[in-house]
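Trainee:
Residue numbers (the working numbering), protein chains in the order written: chain D, 273 to 474; chain R, 273 to 474; chain Y, 273 to 474.
In structure tokens:
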């Protein structure tokens, strides 16, 4: 479908994407505003209705805990991340929605489907030699209020089941990583597109 | 193959399934008898020769540790779960069989093959902010004494390699999740069946 | 391409492989020299320019920390393992290269691509009931200085995306596990080869 001027996608560098939706909601994905390309800081963000974090690495979690505490967005995330957040978010994380891969939740008229990703999702940054284990890495297919669907892959290698994402959800726009060091590079991403691994439609 | 009256499958709600086998053994899978649909409690279970738990979430582990301690079934499970169980089961878990995806073990004349699943497998329920990390989520293909094979998918999104499960093991019966929130929903499960993702035979 | 006498592959049992490259470098993979088949000990190893460990189980990590501390090889590994190693390697692990699946790094003229694997990657061996979580299990495609490429699968079940490995990287040699208990067995490995899951070329 054609997108009108009521929808904007703004890339803030790295995996950080802001979406203003046809229903006048704001979705933030992987809100690491501290990345070198971002022209604004997390403190300057004043709207967030839906927050999505693909996995528990610092360059994707970014300032999500502070944003979530201050703006109290709905926050659909993988089960382990939801448990961990409940102890860290102001208010106890009552707007966190634990879910898992293959599932879909609705936030108002916006649909959020959690997909797989081929990456990892933890750290060893906690004091006292305790690992930070936040489940598995994921991507998201988001359906806006008017039916437009996009896919944010998070960090991932190319994987064959991107074809199932295309076939089941037919996203019309995809955000793919191409760093080539922590994720697939441009050649692998081209394969994903070329083989309709992502978009089986059209 | 046709199943005779010597084999029964009983669903106790959620992912909890009991199998009485042609060889008069009892297999319990994901024994969360505490789920609202279960007509009996874990305490009332008096037979269990083989125990299978697909992943380390409470609604699948259920009362497995208590059952395993009391009835001492053979318990094939993923490596990390086997290590964790060894310190928790009465008797030190000598009947626990650590294994991993793609492997097959025999318990008497019953074959247990561990398959992949697209989900997660941990928690943050332990005291002191230590994660419960129990490896990766799995499914199982079980071959009964008479050669009948079934597949219990555990919690999972639909994934393309279900086709390999079908091709390699040709299960004649499958238990699939369709909750649509923590797992795939009916539409995705239908795709799995429709494309013979699970059963390449016939 | 044909390999000359300037390249050798030596299998030391289990998943432990040593490669002498056309550029006179030594690559060690999954260096568990303590395995029963190994004719030499880790202490006797005196060359290692590149160290690769597929996942955090003891039979693959083996004596890697001691070898890495003593011989200071470049050590490309998954993010979580790199963080964990930084506190354990002599010198702080400055030669460790954190990366992730789908990414490629160069060590001199040798290319290292990290692939997925269908297994698990942790343990419960640390004191005090803290899990050892080392990210996700991986495999590696290595391109030698002359362009020859091989694939070391680590521990894994057969998976459909082996086909993408074949298609993208066209390895001419593959090391596959066939244990059948902690990994796939010979039958599953034959399927991988038969369907060109690994090598789409030729």
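Note that beta-carbon positions come from the ideal geometry of N, C-alpha and C, so glycine has one too.
Are there three or more Cβ pairs, one per stretch, closer than 8 Å when the region 405-421 of chain D is compared with the region 373-393 of chain D?
Mentor: These segments touch.
Trainee: Mapping DSSP to helix, strand and coil, what is residue 434 (chain R)?
Mentor: Looking at residue 434 (chain R) - three-state DSSP - the assignment turns out to be helix.
Trainee: Which residues, in chain order, does the region 311-329 of chain D contribute to contact with chain Y at a C-beta distance below 8 Å?
Mentor: Within the region 311-329 of chain D, the residues whose Cβ lies closer than 8 Å to some Cβ of chain Y are 329, listed in chain order.
Trainee: Check for me: the beta strand (DSSP E) holding residue 424 (chain R) runs from which residue to which?
Mentor: From DSSP, the beta strand (DSSP E) with residue 424 (chain R) extends over 421-424.
Trainee: Taking only runs of the alpha helix (DSSP H) that begin and end inside the region 314-385 of chain R, which ones reach a length of at least 4 residues, in chain order?
Mentor: Listed in chain order, they are 330-333, 336-343, 351-358.
Trainee: Give every residue of the same chain whose Cβ lies closer than 7 Å to the Cβ of residue 407 (chain R), excluding the five residues on either side of it in the sequence, and list them in chain order.
Mentor: Within the same chain, residue 407 (chain R) has close Cβ partners 350, 351, 352, 353, 393.
Trainee: Establish whether the CB of residue 284 (chain Y) and some CB of chain R are separated by less than 8 Å.
Mentor: By this cut-off, residue 284 (chain Y) is not an interface position.
Trainee: Using CA atoms only, rank isn't needed, just tell me which of R:332, R:397, R:369 is closest to residue 348 (chain R).
Mentor: Closest option to residue 348 (chain R), Cα to Cα, is R:369.
Trainee: At a Cβ threshold of 8 Å, is residue 474 (chain D) touching chain R?
Mentor: Low confidence applies to residue 474 (chain D): its pLDDT is 41, below 50, so where it sits in the model is not reliable enough to give any reading.
Trainee: Assess contact between the region 423-441 of chain D and the region 453-467 of chain R, defined as three or more Cβ pairs (one per stretch) separated by less than 8 Å. Is contact present?
Mentor: The region 423-441 of chain D is in contact with the region 453-467 of chain R.
Trainee: Alpha carbon to alpha carbon, how far is residue 475 (chain Y) from residue 372 (chain D)?
Mentor: Outside the modelled stretch of chain Y, which goes from 273 to 474, sits residue 475 (chain Y), for which no answer is possible.
Trainee: Within this structure, are the beta carbons of residue 299 (chain R) and residue 322 (chain R) separated by less than 8 Å?
Mentor: In contact: residue 299 (chain R) and residue 322 (chain R) (Cβ atoms closer than 8 Å).
Trainee: So with Cβ pairs under 8 Å, would you call residue 463 (chain D) a contact of chain Y?
Mentor: Closer than 8 Å to some Cβ of chain Y, the Cβ of residue 463 (chain D) qualifies, so yes.
Trainee: Over what stretch of residues does the beta strand (DSSP E) that includes residue 414 (chain R) continue unbroken?
Mentor: Looking at the DSSP string, the run of the beta strand (DSSP E) that includes residue 414 (chain R) is 410-415.
Trainee: With distances taken from CA atoms, which of R:429, R:357, R:444 is nearest residue 459 (chain R)?
Mentor: Looking at the Cα atoms, R:429 is the closest of the given residues.
Trainee: Quick one: does residue 455 (chain Y) have its CB under 8 Å from some CB of chain D?
Mentor: False, the Cβ-Cβ gap to chain D never drops below 8 Å.
Trainee: Got a sec: which bits of the region 366-390 of chain D sit with their beta carbon under 7 Å from any beta carbon on chain R, in order along the chain?
Mentor: Residues 371, 372, 373, 374, 375, 376, 377, 388.
Trainee: For residue 344 (chain Y) versus residue 367 (chain Y), is the C-beta distance shorter than 8 Å?
Mentor: Cβ atoms of residue 344 (chain Y) and residue 367 (chain Y): closer than 8 Å.
Trainee: Is the CB of residue 427 (chain R) under 8 Å away from at least one CB in chain D?
Mentor: With 8 Å as the cut-off, residue 427 (chain R) counts as an interface residue toward chain D.
Trainee: Within this structure, are the beta carbons of residue 432 (chain R) and residue 432 (chain D) separated by less than 8 Å?
Mentor: Taking 8 Å as the Cβ cut-off, residue 432 (chain R) and residue 432 (chain D) qualify as a contacting pair.
Trainee: Residue 328 (chain R) to residue 311 (chain Y), Cα distance in whole Å?
Mentor: In a straight line, the C-alpha of residue 328 (chain R) is about 39 Å away from that of residue 311 (chain Y).
Trainee: Restricting to Cα atoms, I'd like to know which of Y:326, Y:307, Y:314, Y:279 is closest to residue 301 (chain Y).
Mentor: Nearest C-alpha to residue 301 (chain Y): Y:326.
Trainee: Using a Cβ-Cβ cutoff of 7 Å, what residues of the region 401-432 of chain R are near chain Y? List them in chain order.
Mentor: The residues in question are 402, 403, 405, 407, 408, 432.
Trainee: Per DSSP, what kind of secondary structure is residue 472 (chain R) in: helix, strand or coil?
Mentor: Unreliable positioning characterises residue 472 (chain R) in this predicted model, as indicated by a pLDDT of 47, which lies under 50. The coordinate reading is nonetheless provided below. Correct three-state label for residue 472 (chain R): coil.
Trainee: Let me know the secondary structure DSSP gives residue 439 (chain R) once reduced to three states.
Mentor: It is helical.
Trainee: Taking 8 Å as the threshold (beta carbon to beta carbon), is residue 296 (chain R) in contact with chain D?
Mentor: With 8 Å as the cut-off, residue 296 (chain R) does not count as an interface residue toward chain D.
Trainee: What are the residues that DSSP puts in a beta bridge with residue 290 (chain Y)?
Mentor: Residue 290 (chain Y) is bridged to Y:282, Y:300.
Trainee: If we count the other Cβ atoms within 10 Å of its Cβ and call it buried at 16 or more, is residue 395 (chain D) buried or exposed?
Mentor: Classification for residue 395 (chain D): buried.
Trainee: Identify which residue in Y:342, Y:422, Y:451 has its Cα closest to the Cα of residue 285 (chain Y).
Mentor: Among Y:342, Y:422, Y:451, the Cα nearest to that of residue 285 (chain Y) is on Y:451.
Trainee: Use the C-beta contact count for residue 308 (chain D): other C-beta atoms within 10 angstroms, 16 or more gives buried, fewer gives exposed.
Mentor: That one is exposed.
Trainee: Could you check whether residue 334 (chain Y) and residue 391 (chain Y) sit closer than 8 Å to each other, using their CB atoms as the reference points?
Mentor: Not a contact, by the Cβ cut-off of 8 Å.
Trainee: Mapping DSSP to helix, strand and coil, what is residue 466 (chain R)?
Mentor: Helix at residue 466 (chain R).
Trainee: Report the CB separation of residue 443 (chain Y) from residue 421 (chain Y) in whole angstroms; it is logged as a contact under 8 Å.
Mentor: At roughly 5 Å, the Cβ-Cβ gap stays under 8 Å, so residue 443 (chain Y) and residue 421 (chain Y) are in contact.
Trainee: Taking the alpha-carbon positions, what's the residue 379 (chain Y) to residue 402 (chain Y) distance?
Mentor: Answer to the nearest angstrom: the Cα atoms are 34 Å apart.
Trainee: Can you tell me the Cβ-Cβ gap for residue 361 (chain Y) and residue 340 (chain Y), rounded? I've got them flagged as a contact below 8 Å.
Mentor: Right, the Cβ-Cβ distance comes to about 5 Å (below 8 Å), so this counts as a contact.
Trainee: Start and end of the beta strand (DSSP E) containing residue 447 (chain R)?
Mentor: Looking at the DSSP string, the run of the beta strand (DSSP E) that includes residue 447 (chain R) is 445-447.
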